[in-house]
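In order, the protein sequence lines correspond to chains B and L. Counted the way the working numbering counts, the first sequence spans residues 162 to 475. Counted the way the working numbering counts, the second sequence spans residues 36 to 535. Every residue gets a Cβ at the ideal spot worked out from N, C-alpha and C, and that includes glycine. Predicted model, so just to flag it, every value in this text is computed and none were measured.
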Amino acid sequence: MNFILKGAVALGLLAAPAIVTAQEYPTSQVTVVVPFAPGGSVDVMGRYVSDRLSRLWGQAVVVENRTGAGSAIGSAHVSQARPDGYTLLVVSSSFTTNAATQPSLPFDPVQDLKPVAVIALGDRFVSTGPRLNIGSLEDLVREAKSQKIFYGTNGVGSLAHMTGELMNDVLGIEMEAVHYKGGSEVMVDLGGGRIDVAFSGYSDLASGIGKPISVLSDERSSVLPDVPTVAESGFAEVVVPNWWGVFAPAGVPDDVLAKLHADVVQVMSTPEAVEFLATQAAIPSAMTTVEFTGYVADEITRWRGLAEKAGMIE
Amino acid sequence: LDLFNNILLGFGTAMTLSNLGYAFLGCLLGTLIGVLPGLGPLATISMLLPITFGMDPTSALIMLAGIYYGSAYGGSTTAILVNLPGETSSVVTVIDGHEMARKGRAGVAIATAAIGSFVAGTVGTLVLAAFAAPLASLAFRFGAADYFSLMVLGLIGAVSLSSGSIGKAIGMILIGILIGIVGIDLNSGVQRFTFGVPHLWEGFDFIVIAVGIFAFGEVVGSLDHDEPRETYTERVGRLMPNREDFRRMTPSILRGTAIGTVLGILPGAGLSIASFFSYSVEKKVSRFRHMMGKGAIEGVAGPEAANNAAAQTAFIPTLTLGIPGSATMALMLGAMTMHNIQPGPQVMTSNPQLFWGLIASMWIGNLMLVILNLPLVGIWVKLLKIPYGVLFPAILLFCCIGVFASQFATFDIYLAAAFGAAGYVFRKLECEPAPLVLGFVMGPLLETNFRRALVLSEGDFMTFLKEPISLTFLIIAAGMVATASLPLIRKRRDEVLAED
Chain B
162 MNFILKGAVA LGLLAAPAIV TAQEYPTSQV TVVVPFAPGG SVDVMGRYVS DRLSRLWGQA
222 VVVENRTGAG SAIGSAHVSQ ARPDGYTLLV VSSSFTTNAA TQPSLPFDPV QDLKPVAVIA
282 LGDRFVSTGP RLNIGSLEDL VREAKSQKIF YGTNGVGSLA HMTGELMNDV LGIEMEAVHY
342 KGGSEVMVDL GGGRIDVAFS GYSDLASGIG KPISVLSDER SSVLPDVPTV AESGFAEVVV
402 PNWWGVFAPA GVPDDVLAKL HADVVQVMST PEAVEFLATQ AAIPSAMTTV EFTGYVADEI
462 TRWRGLAEKA GMIE
Chain L
36 LDLFNNILLG FGTAMTLSNL GYAFLGCLLG TLIGVLPGLG PLATISMLLP ITFGMDPTSA
96 LIMLAGIYYG SAYGGSTTAI LVNLPGETSS VVTVIDGHEM ARKGRAGVAI ATAAIGSFVA
156 GTVGTLVLAA FAAPLASLAF RFGAADYFSL MVLGLIGAVS LSSGSIGKAI GMILIGILIG
216 IVGIDLNSGV QRFTFGVPHL WEGFDFIVIA VGIFAFGEVV GSLDHDEPRE TYTERVGRLM
276 PNREDFRRMT PSILRGTAIG TVLGILPGAG LSIASFFSYS VEKKVSRFRH MMGKGAIEGV
336 AGPEAANNAA AQTAFIPTLT LGIPGSATMA LMLGAMTMHN IQPGPQVMTS NPQLFWGLIA
396 SMWIGNLMLV ILNLPLVGIW VKLLKIPYGV LFPAILLFCC IGVFASQFAT FDIYLAAAFG
456 AAGYVFRKLE CEPAPLVLGF VMGPLLETNF RRALVLSEGD FMTFLKEPIS LTFLIIAAGM
516 VATASLPLIR KRRDEVLAED
C-alpha cells in the first residue's frame with residue numbers, strides 16, 4: 162500500500178511541470194543559451210539579464226555558451242528544446258542577417274523560434290580611419306566618389322556587411338567590403354589606416370580608434386551626443402541599430418511568454434540596469450512580444466532583399 | 036619616477052591578503068588545467084566568469100589572469116612527462132621535452148620550463164609595465180601583407196620542427212593547411228568540406244586536433260608495442276638542472292623571451308606561434324642545434340620562455356587598446372565590461388589601481404608559479420610510475436571532458452577519435468605531428484591575410500614587397516631556404532664530380 166502511494170506521489174511529481182502556471186514559472190533552473198563565445202557583447206548582455214532574472218526569481222539561471230556555425234548551433238539547440246520556458250536563447254541583430262544570408266540553416270528562424278523580449282537597443286556608429294580626414298556622412302559620399310574606399314566587416318553577411326551594402330545602395334556609392342574574423346580585427350586595420358570605414362558598436366570605439374561621424378539610430382546617442390544621426394544627413398533609410406533579445410522555442414505557453422516578457426522588461430529598466438546599458442551606449446526597450454516578433458520578421462525580409470540585390474545570395 | 040609610483044601602487048593593490056589569495060588560486064587552477072590535456076584556459080575562464088561577478092573587479096581579473104598564464108606553465112608538464120601537449124602552446128615542448136624524459140631527465144626538463152617561464156614572465160611583465168602605451172601602436176603597424184609574410188616565414192621554419200625526413204615534414208604541413216581550410220570561407224561565405232554538418236562551419240577546433248593526434252594517437256600507439264616505459268621511468272636522474280644545463284638554457288631563454296615579447300603584442304599571432312618561432316630559431320642558431328629533437332634542453336627552454344613572455348605581452352593590446360588578440364583575451368575584456376569597466380586606453384587613468392594591480396599581480400603570480408612548480412617536480416615525475424592501465428584511461432577521460440567542454444558538442448569527441456586514428460597512422464609512418472599542427476594554425480592565417488592583402492592592394496602582388504615589414508620577413512625566409520638548400524646543391528655537385 163505504502164509502495165503504491167509512493168508511486169502515485171512520484172507520478173504526480175513527474176506530471177507537475179506540465180501544469181505549470183505563470184505564477185509558478187520558473188520552479189527550477191532556467192538555461193540561457195548564448196550562441197557566441199564568452200566575452201562578446203551578446204554574452205555580456207545575456208549574462209547580465211540572466212543574473213538579474215535569477216535574483217528576481219530566486220532560481221538559478223545558467224548561461225551556456227553554445228558556439229559554432231555563426232550562431233546556428235546554439236540557436237538550433239534551443240529550437241529543439243522543450244517549449245516550456247526553461248531553455249531560452251539570447252541573440253542580437255545578427256540573428257536576422259544570418260537568417261537572410263546563410264543557406265541551409267539547421268532550423269527555421271521564423272517558424273522554430275519565438276521572439277519574446279528585447280533586452281536592449283544599442284547605438285551603432287559609422288567611423289572613419291586616419292587616412293580619410295573627414296567629419297560627416299556627406300564628406301564620405303564625396304570622398305567615395307573620387308577614390309576607392311574600403312570598409313571592414315565581421316564576415317560575409319554580417320550586420321556590418323549588410324550596413325555597408327545598404328549604405329552603398331542608399332548613398333549611391335561603391336565602397337568595397339574587406340572581411341575580418343571579428344570586430345577587433347576591423348578596428349586594428351582601421352587604426353592602421355588600411356581600411357577607411359567601420360560600422361561598430363560603442364565598445365569598439367572606446368579605445369579611441371576611429372572617428373565616429375554618424376550614428377545609425379533614429380536619435381543621437383547619449384554617450385556621443387555630438388555625433389549626428391544618419392537621418393540628420395538625409396539618409397533615414399540606413400538606420401541600423403543593434404538589439405539584443407530573448408527568444409524561446411516556438412510553442413511556449415502564452416502565460417510563460419507574458420511573464421518572461423514582463424520580467425525581462427522589469428529587470429532591464431531599473432536605474433542600475435539603465436546605468437549599465439549607458440556604458441554600452443544602449444537603452445532598454447518596452448517593445449511588446451508582438452511588436453518584437455513583427456520587427457524580427459521585417460528585418461529578415463529587409464536583409465534578404467538587400468542580399469539578393471547585392472548578389473550575396475543566389 | 037611616474038613608473039616607480041605606479042608600480043608601488045600596483046604592488047600595494049596586489050599585495051593585499053585577498054588579492055594574493057586570488058592570484059594564488061588562479062595560478063593553482065591554471066596549473067591544474069594546464070596539466071590536464073584538453074581542458075584549456077578558455078573553457079575554464081568562461082566557466083568561472085559568473086563566479087567573479089560578486090567579486091571586486093581587480094581581484095576577479097587577477098584570478099582570471101592567473102588561470103591564463105598558469106595554464107601556459109602547467110601545459111609543459113604533461114608535454115614532457117606523457118608526450119601530450121596539455122596546452123596548444125606546448126605542442127613544440129613535446130619534441131625535446133619528452134625525449135629528455137625518456138633519457139631520465141624529466142625533472143630537469145620540467146624545472147627548465149618553469150625557470151624559462153619565470154624569466155620570460157618577469158621580462159614580459161616589465162615590458163608591459165614600462166612600454167605598454169608606446170608598444171600598443173605596434174599592433175597597428177602590422178597589416179595583412181605583413182602577417183602573410185610572417186606566416187610564410189613561420190611555415191618555412193616549421194620544416195625544422197621535424198627531426199626526420201624533410202619530405203615528410205612538408206607533407207605534414209600541407210595536410211595541416213588542408214585541415215585548416217575546412218569551414219566557411221571568410222571572403223566568400225562559401226562552405227568548404229563541411230558536408231552539410233553545421234559543426235564544421237567554423238572549421239575544426241584546435242583542441243580536437245591536438246587531443247586527437249597527440250593524446251589519442253599516443254595512447255593507441257603505446258598499446259601495440261610494449262617497449263616498457265620502465266626503461267626510462269626507472270632512471271629518473273637529478274631533478275634540478277646543473278651548471279652545464281643553466282649555461283645552455285640561458286641564451287635560449289633570452290632568445291625565446293625576445294620572440295615571445297614581440298609576437299605576444301601582435302593581435303594576429305599569439306602564444307602557440309611564439310613557441311613555434313622560438314623552436315625554429317633555436318634549431319637555426321643554437322650551438323647545440325645538432326641535438327635538437329633528441330632531448331636538447333634548448334628545445335624546452337626557448338619555446339617555454341616564448342609562450343610565457345607572449346602570455347604577458349598579449350595584455351598590451353588588450354588593456355591599452357581594448358583589442359583582444361585571442362579568444363581568451365576577449366574573455367578578459369568581457370570580464371571587465373561585466374564589472375562596468377570600459378576597456379581602452381583610458382583604463383590606465385580611470386582605473387589605475389586595476390591596471391597596475393593586475394600587472395604587479397602578474398609578476399607575483401609568476402613567482403608563485405615557480406615556487407609552486409619546482410617542489411612539485413618530484414611529484415610530477417612520480418606520475419611516470421603510474422601503470423599504463425590506470426594512466427591511459429584517465430588521460431582519455433580528461434581529454435574527452437576537455438573536448439566536450441570547449442563547445443558542449445559530443446560530435447567533437449567523435450572528431451577527436453577520428454583524428455586519433457589519423458594520429459596512429461602518422462606514428463606508424465613515422466610522420467611527426469608538430470608540423471601538421473603548425474600548418475593547421477598558420478594555414479588559415481596565411482590564406483586570409485594573402486587574400487585580404489590583395490583586396491586592399493586591388494590585386495597588386497607587389498604589395499608583399501612594397502611593405503617594409505613584409506619585405507623583411509620574405510628576405511629572411513628566402514635566406515632560410517637558400518642556406519637550407521645550399522648544402523644539398525653542393526652535395527649533388529660533389530656527386531656529379533665524383534661520377535666523372
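I need the boundaries of the beta strand (DSSP E) containing residue i, first residue and last residue.
i: residue 312 of chain B; result: 311-314
i: residue 372 of chain B; result: 372-376
i: residue 406 of chain B; result: 403-410
i: residue 248 of chain B; result: 248-253
i: residue 340 of chain B; result: 337-340
i: residue 329 of chain B; result: Careful: residue 329 of chain B lies outside any beta strand (DSSP E), inside the alpha helix (DSSP H) at 320-332.
Taking 7 Å as the limit between beta carbons, can you name the residues of its chain near residue i, skipping five residues before and five after?
i: residue 306 of chain L; result: 107, 124, 342, 345, 346
i: residue 300 of chain L; result: 170, 173, 174, 348, 351, 352
i: residue 567 of chain L; result: Absent from the model: residue 567 of chain L. The displayed extent of chain L is 36 to 535, so no value can be given.
i: residue 232 of chain L; result: none
i: residue 291 of chain B; result: 354
i: residue 231 of chain B; result: 259, 263
How would you label residue i, buried or exposed, when you count the other beta carbons within 10 angstroms and need 16 or more for buried?
i: residue 181 of chain L; result: buried
i: residue 318 of chain L; result: buried
i: residue 222 of chain B; result: buried
i: residue 377 of chain L; result: buried
i: residue 521 of chain L; result: exposed
i: residue 223 of chain L; result: exposed
i: residue 496 of chain L; result: exposed
i: residue 244 of chain B; result: buried
i: residue 420 of chain B; result: buried
i: residue 185 of chain B; result: exposed
i: residue 37 of chain L; result: exposed
i: residue 227 of chain B; result: buried
i: residue 176 of chain L; result: exposed
i: residue 76 of chain L; result: buried
i: residue 168 of chain L; result: exposed
i: residue 288 of chain L; result: buried
i: residue 259 of chain L; result: exposed
How close, in whole Å, do the beta carbons of residue i and residue j come, if the pair is a contact with beta carbons under 8 Å?
i: residue 388 of chain B; j: residue 268 of chain B; result: Residue 388 of chain B to residue 268 of chain B, Cβ: 37 Å. No contact.
i: residue 262 of chain B; j: residue 464 of chain B; result: 7 Å
i: residue 275 of chain B; j: residue 413 of chain B; result: 6 Å
i: residue 149 of chain L; j: residue 115 of chain L; result: The pair is not a contact, with the Cβ atoms about 11 Å apart (cut-off 8 Å).
i: residue 127 of chain L; j: residue 310 of chain L; result: 5 Å
With a threshold of 6 Å on Cβ separation, who are the neighbours of residue i within its own chain once the five nearest residues in sequence on each side are excluded?
i: residue 316 of chain B; result: 340
i: residue 331 of chain L; result: 131, 323
i: residue 297 of chain B; result: 374
i: residue 331 of chain B; result: 396, 398, 399
i: residue 380 of chain L; result: 355
If I follow the unbroken alpha helix (DSSP H) through residue i, where does it start and stop?
i: residue 428 of chain L; result: 423-442
i: residue 207 of chain L; result: 201-216
i: residue 208 of chain B; result: 202-218
i: residue 347 of chain L; result: 333-348
i: residue 81 of chain L; result: 76-83
i: residue 432 of chain B; result: 432-440
i: residue 234 of chain L; result: Per DSSP, residue 234 of chain L belongs to no alpha helix (DSSP H) and is neither H nor E.
i: residue 401 of chain L; result: 387-417
Run through the DSSP bridge pairs and tell me what residue i is partnered with.
i: residue 276 of chain B; result: B/408
i: residue 362 of chain B; result: B/285
i: residue 192 of chain B; result: B/223, B/248
i: residue 226 of chain L; result: L/219
i: residue 443 of chain B; result: B/283
i: residue 390 of chain B; result: B/376
Which same chain residues end up closer than 8 Å to residue i when comparing Cβ atoms and leaving out the 5 residues on each side of it in sequence?
i: residue 458 of chain L; result: 247, 248, 249, 251, 252, 253, 255, 256, 468
i: residue 249 of chain B; result: 191, 192, 193, 194, 239, 277, 407, 408, 409, 421
Determine, using beta carbons only, whether residue i comes closer than 8 Å to chain A.
i: residue 440 of chain B; result: No chain A appears in the structure shown, which is made up of the protein chains B and L.
When you measure from the CB of residue i to every non-hydrogen atom of the ligand SAH, does any distance come out below 7 Å?
i: residue 389 of chain L; result: Ligands displayed in this structure: none; no statement on the ligand SAH is therefore possible.
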